[in-house]
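K.L.:
Quick one: structure below, then a few questions.
2 protein chains.
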Amino acid sequence: MSSRPTIAAPAGNRAYTRVLRRFVRLGARDEVGRLLDRMHPADVVTILKTLAPAERKSFIDHLLAHERAGPVLAGLPETLVGEILAQVSDERITALVARQPPDEAADLLGLLPEGRADAILKLLDETTAATLDRLMTYGRDTVGGMMTTRFLALERRTSVSEAIARIRGEPDAEMVFYLYVVDEFGRLEGVVSLRQLVLARADEELHAIMNPKVIRVRPDQPRADVADVISRYNLLAVPVVDAGNALVGIVTVDDAIDALADETTREMYRMAGLHTEDRVSSPALHSVRRRLPWMVMNLGTALLASWVVWLFEASIEQVVALATFMPIVAGMGGNGATQTLTVVIRGIALGDLDFSSARRTILKEVGVGASIGVATGVLMALVATVWKGNPMLGLVIGLAMIINLFVAGFAGAAVPVVFKRLGLDPAVGSGVFVTTFTDCLGFLSFLGLATLLLNYLV
Amino acid sequence: MSSRPTIAAPAGNRAYTRVLRRFVRLGARDEVGRLLDRMHPADVVTILKTLAPAERKSFIDHLLAHERAGPVLAGLPETLVGEILAQVSDERITALVARQPPDEAADLLGLLPEGRADAILKLLDETTAATLDRLMTYGRDTVGGMMTTRFLALERRTSVSEAIARIRGEPDAEMVFYLYVVDEFGRLEGVVSLRQLVLARADEELHAIMNPKVIRVRPDQPRADVADVISRYNLLAVPVVDAGNALVGIVTVDDAIDALADETTREMYRMAGLHTEDRVSSPALHSVRRRLPWMVMNLGTALLASWVVWLFEASIEQVVALATFMPIVAGMGGNGATQTLTVVIRGIALGDLDFSSARRTILKEVGVGASIGVATGVLMALVATVWKGNPMLGLVIGLAMIINLFVAGFAGAAVPVVFKRLGLDPAVGSGVFVTTFTDCLGFLSFLGLATLLLNYLV
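Here it is, written out as structure tokens:
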């Protein structure tokens, strides 16, 4: 067996955390520094995220003095980095930014208030400042906001041996597994993989071995697009070109993976009405402020359902068992709608569903909802008949459940499709819309049926 | 501007879909074949997923006759591939399997009934059959089930020029951006990147330029682990070693991305009680069968809530407005719990939360829940007072909401943490458990308070 480290197991991390905590508490700067030297930045991130606020603060003091602070900061949630930077001097941030690759440096500056970012840009050398300034003009959720400018672009007449010499000369270029071939105006013409370069003759010119069919993206496309392209076509990097086809940057697969994880969080968060930056580590007050509007809106929709019930107060007064069964109508409708919504929203996100197949999907979900409605409705009808000794009441709740799950299937499938068609995010509003709809129609059908058949119920 | 294709835009795909559909309907085999030649397999997958079942069937006939069927099948959902393979002859599957890289070939065989897979293994040449047989012993959700055996492993004394010659000789090895260095027993010693190879002198030996600190995984680890390692440490591939540290395979970043997307679907599906294979494209009957058990269980939990309400039927009989406000208690509690659950479950998945920070998180969520409870409770108390003209009723609903959101915050944070600690999946049971708990306690506090103060309400 090898005595070398295998992957950093959780147990190993816990041991590191304990040691690190002790050193941090003792203020043992040198020991912390030596630990940081030996750890992978990703492991430092893991530990940092689980430290208590007080420990975290003094650990960060140590970290910022260490030369590997940059990669660690790049792996932390943005809110946390924002808080950290707020407590650090301009000079220290400048030193940090100068050591970082341009995409990550621009991300760091983007977390600062505008005035402060400008001040730091002035402290940097002119070329770096210009690059960062340009990168910062792109929105954080765009391809431009995540691309790096450290790529290798060579002219088409470059020979293989010259290309290899150029790689040798640019130790900082990221992920040079692809070389990009450009014309004299910097316009993208093709791509050469490092493997092709290794296998080619030294005197061949790049245009002879390059692949001219390059999948490319634009800096103003949404970030999700490039992640999608990289994962769909199994790429290691994608070139970014401007409207004139000039190569302006590349996006690498590791950044695409981070973007995918972010998009996942967003998708799940949107369904629950949460703000992206509302994490376990964010301060309670931030979470309250961010969740409150959604909850107030939900209070509004709940009042709508409540208003439907109020219409039937007279019936409930006569048959109070109706109130007892209300949670069943609402609960089953809500669960059915959530299942359909999740399948359809995930289907849209994965590209399994487009408009040509939308009608089929809606029909299917209506059928599934109705079938589950019949199965659980019959079951509930029996339960209600036995419990309350009233088969008519059983019939009413059973029928109401069938109608409600039919509606849940329809709304759960149709609403996100319509949202998508209107260019809205299907995950955002669908949830509230669908559950309000199902709740109201559920109560309406249950209490409405009961009112129609009231003579048989009392 | 370049006239070369940029990324396959949705509009472009729609045009392709239309043309393809026409050719498929006309049975124009040659035209379909030519279209397939020109399209990227990933684009064929996109189109295939959105065809109607009848069109899909005849398109697949064309596809299987085409030599690029393999990469297309690899990109399709498993249920669909299973259905397709069920309709194809053993000979055709054998030809397909023989053309595929081993990991994908093993995946295909894994979708067949055991007897059929064995029959096909017998039709293959011995080496391929042995490799596939071994790969198939690993579970589909393990590292072994997703690794490929087409990697380049060279002995430590190999010179750089020999290594380059070896790359030339193995055009089939996947993603040769890393070469693995092994000892004479095949045990992993280090890794050399293609870039290091390009930059090294031709007569240097691999052990001199290799990096001996290799992050590695075991074939029996869960699939999610390797995806996590690749994304955390920004790798392009990870070597897989057995208990004796012998290199048995590699997992590449493109497969890790697919695994991450699958894990995301699972995480979202588990929260809604859905089976992984329940997709927009799966037949309605499958969906009904897979969702029914969850819905029956939910009927059970809804009956519990219903039983709580039943305890207070006498109070509702006297103050029927209590029934009117029940949807508000349940709705707000459910939404509050969902928000907390989503933040905490996502936090666990992203590694932002471990047991040392769990107590802090639970306290925070309780505080957030209570604060939102006070804000929306006061608002609702005012609404109820104005609507029903009874400030006491307002007080009861307001207090009940505060208690309920306090409980929702506590249960939403504590339950997934406890599930995780017990080694259970926090996403699976938490949802049902938490909403049942919140519903029951919500009704209990609302109707209980109302019963205590009944004299002031009637």
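Here the protein sequences come in this chain order: L and B.
For the first sequence, the working numbering gives the first residue as 1, with consecutive numbering after it.
For the second sequence, the working numbering gives the first residue as 1001, with consecutive numbering after it.
Even for Gly, the Cβ is constructed at its ideal location relative to N, Cα and C.
ILE250 of chain L and ALA261 of chain L: beta carbons closer than 8 Å?
P.N.:
No, these two residues do not count as a Cβ contact at 8 Å.
K.L.:
Is any beta-carbon of chain B found at less than 8 Å from that of GLU83 of chain L?
P.N.:
No, because no Cβ of chain B sits closer than 8 Å to the Cβ of GLU83 of chain L.
K.L.:
Quick one: which chain B residues come within Cβ less than 9 Å of ASN404 of chain L?
P.N.:
Near ASN404 of chain L there are no residues of chain B at all, since even the closest Cβ is about 12 Å away, more than 9 Å.
K.L.:
Give the straight-line distance between the Cα atoms of VAL217 of chain L and ARG1289 of chain B, rounded to the nearest whole angstrom.
P.N.:
VAL217 of chain L and ARG1289 of chain B: Cα-Cα distance of roughly 43 Å.
K.L.:
Going by beta carbon distance, what residues of the same chain come within less than 6 Å of PRO426 of chain L, once the five residues before and after it are set aside?
P.N.:
Here the set comprises ILE345, ILE348, PRO416, PHE419 and LYS420.
K.L.:
Under the assumption that LEU1035 of chain B contacts PHE1023 of chain B (Cβ atoms under 8 Å), give the Cβ distance between them as a whole number of angstroms.
P.N.:
Yes, they are in contact, since the Cβ atoms of LEU1035 of chain B and PHE1023 of chain B sit about 7 Å apart, within 8 Å.
K.L.:
Is there a C-beta anywhere in chain B that falls below 8 Å from the one on THR361 of chain L?
P.N.:
Closer than 8 Å: yes.
K.L.:
Is DSSP giving ARG223 of chain L helix, strand or coil here?
P.N.:
Here ARG223 of chain L sits in helix by DSSP.
K.L.:
Could you tell me the distance, in whole angstroms, from the CA atom of LYS1122 of chain B to the CA atom of ASP1090 of chain B?
P.N.:
Near 11 Å, if we compare the C-alpha coordinates of ASP1090 of chain B and LYS1122 of chain B.
K.L.:
Below 8 Å, how does it come out for the region 395–414 of chain L and the region 431–449 of chain L: are there three or more Cβ pairs, yes or no?
P.N.:
Judged by Cβ distances under 8 Å, the region 395–414 of chain L makes contact with the region 431–449 of chain L, as three or more pairs qualify.
K.L.:
Spatial neighbours of SER193 of chain L within its chain, please: C-beta separation below 7 Å, excluding the five flanking residues on both sides.
P.N.:
Excluding sequence neighbours, SER193 of chain L sits near PHE177 and TYR178.
K.L.:
Mind checking whether the beta-carbon of ALA165 of chain L lies closer than 7 Å to any heavy atom of the ligand GDP?
P.N.:
In the structure shown, the ligand GDP is absent, as is every other ligand, since no ligand is present at all.
K.L.:
Identify each residue in the region 1122–1134 of chain B for which the Cβ-Cβ distance to at least one residue of chain L is less than 8 Å, and report them in chain order.
P.N.:
Answer set for the region 1122–1134 of chain B: empty.
K.L.:
Thinking ASN335 of chain L and ASN1298 of chain B are a contact (beta carbons under 8 Å), I'd like their distance in whole angstroms, please.
P.N.:
Contact flag correct, Cβ pair sits at about 5 Å.
K.L.:
Provide the residue(s) that pair with SER1193 of chain B in DSSP beta bridges, ordered along the chain.
P.N.:
Paired residues: B:TYR1178.
K.L.:
Identify the contact partners of MET1147 of chain B in chain L, using a Cβ-Cβ distance below 8 Å as the criterion.
P.N.:
Chain L residues near MET1147 of chain B: none, gap ~15 Å exceeds 8 Å.
K.L.:
Which residues does DSSP list as the beta-bridge partners of PRO239 of chain L?
P.N.:
PRO239 of chain L is bridged to L:ILE250.
K.L.:
Using alpha carbons as the reference points, say which of L:ALA208, L:ALA69, L:ASP61 and L:LEU454 lies closest to PRO41 of chain L.
P.N.:
Among L:ALA208, L:ALA69, L:ASP61 and L:LEU454, the Cα nearest to that of PRO41 of chain L is on L:ALA69.
K.L.:
Can you give me, in chain order, the residues of the region 45–62 of chain L that have a beta carbon less than 9 Å from any beta carbon in chain B?
P.N.:
Within the region 45–62 of chain L, the qualifying residues are VAL45, THR46, LYS49, THR50, LEU51, ALA52 and PRO53.
K.L.:
Could you tell me whether any Cβ in chain C is nearer than 8 Å to the Cβ of MET1326 of chain B?
P.N.:
Here the protein chains are L and B, and chain C is not one of them.
K.L.:
Does any residue of chain L bring its CB to less than 8 Å from the CB of ALA1153 of chain B?
P.N.:
Not an interface residue.
K.L.:
Using the beta-carbon count (16 or more within 10 Å), is PRO113 of chain L buried or exposed?
P.N.:
The residue in question, PRO113 of chain L, is exposed, as its Cβ has fewer than 16 Cβ neighbours within 10 Å.
K.L.:
Between ARG279 of chain L and chain B, is the shortest Cβ-Cβ distance under 8 Å, so that the two count as touching?
P.N.:
Yes, its Cβ sits closer than 8 Å to a Cβ of chain B.
K.L.:
Check the Cβ-Cβ distances between ASP1354 of chain B and every residue of chain L, and say whether any is below 8 Å.
P.N.:
Closer than 8 Å: yes.
K.L.:
In this structure, does DSSP put VAL1217 of chain B in helix, strand or coil?
P.N.:
Three-state result, VAL1217 of chain B: strand.
K.L.:
In whole angstroms, what is the alpha-carbon distance linking ARG29 of chain L and HIS62 of chain L?
P.N.:
Looking at the two C-alpha atoms, the distance is approximately 6 Å.
K.L.:
Using the Cα positions of SER1371 of chain B and THR1436 of chain B, report the straight-line distance between them to the nearest angstrom.
P.N.:
Taking the straight line from one Cα to the other gives about 22 Å.
K.L.:
DSSP on LEU1080 of chain B, reduced to helix/strand/coil?
P.N.:
Residue state, collapsed to three classes: helix.
K.L.:
Is LEU303 of chain L buried or exposed, if buried means 16 or more other CB atoms sit within 10 Å of its CB?
P.N.:
Counting Cβ neighbours within 10 Å, LEU303 of chain L comes out buried, since at least 16 surround it.
K.L.:
Locate the alpha helix (DSSP H) running through ALA1117 of chain B, then write down its first and last residues.
P.N.:
ALA1117 of chain B -> alpha helix (DSSP H) spans 1114–1123.
K.L.:
Could you tell me whether the Cβ of PRO5 of chain L comes closer than 8 Å to any Cβ of chain B?
P.N.:
Per-residue confidence for PRO5 of chain L stands at a pLDDT of 35, beneath the threshold of 50, marking its modelled position as unreliable; no derived number is given.
K.L.:
Quick one: what's got a C-beta closer than 8 Å to ARG21 of chain L's C-beta in the same chain, skipping five residues either side?
P.N.:
Excluding residues within five positions, the ones whose Cβ falls inside 8 Å are LEU51 and GLU55.
K.L.:
Starting from ALA1153 of chain B, trace the beta strand (DSSP E) in both directions and tell me its first and last residue.
P.N.:
Where ALA1153 of chain B is concerned, the enclosing beta strand (DSSP E) stretches over 1153–1155.
K.L.:
Rounding to the nearest angstrom, what Cα-Cα distance links ALA1129 of chain B and ALA1153 of chain B in this structure?
P.N.:
Using only the alpha carbons, I get a separation of about 21 Å.
K.L.:
What is the C-beta distance between LEU447 of chain L and VAL309 of chain L, in whole angstroms, given that I count them as a contact (C-beta under 8 Å)?
P.N.:
The pair is a contact, with the Cβ atoms about 7 Å apart (cut-off 8 Å).
K.L.:
Relative to the C-alpha of MET1401 of chain B, which candidate in B:GLU1162, B:VAL1386, B:TYR1016 and B:PHE1325 has its C-alpha closest?
P.N.:
Checking every option, the nearest Cα to that of MET1401 of chain B belongs to B:PHE1325.
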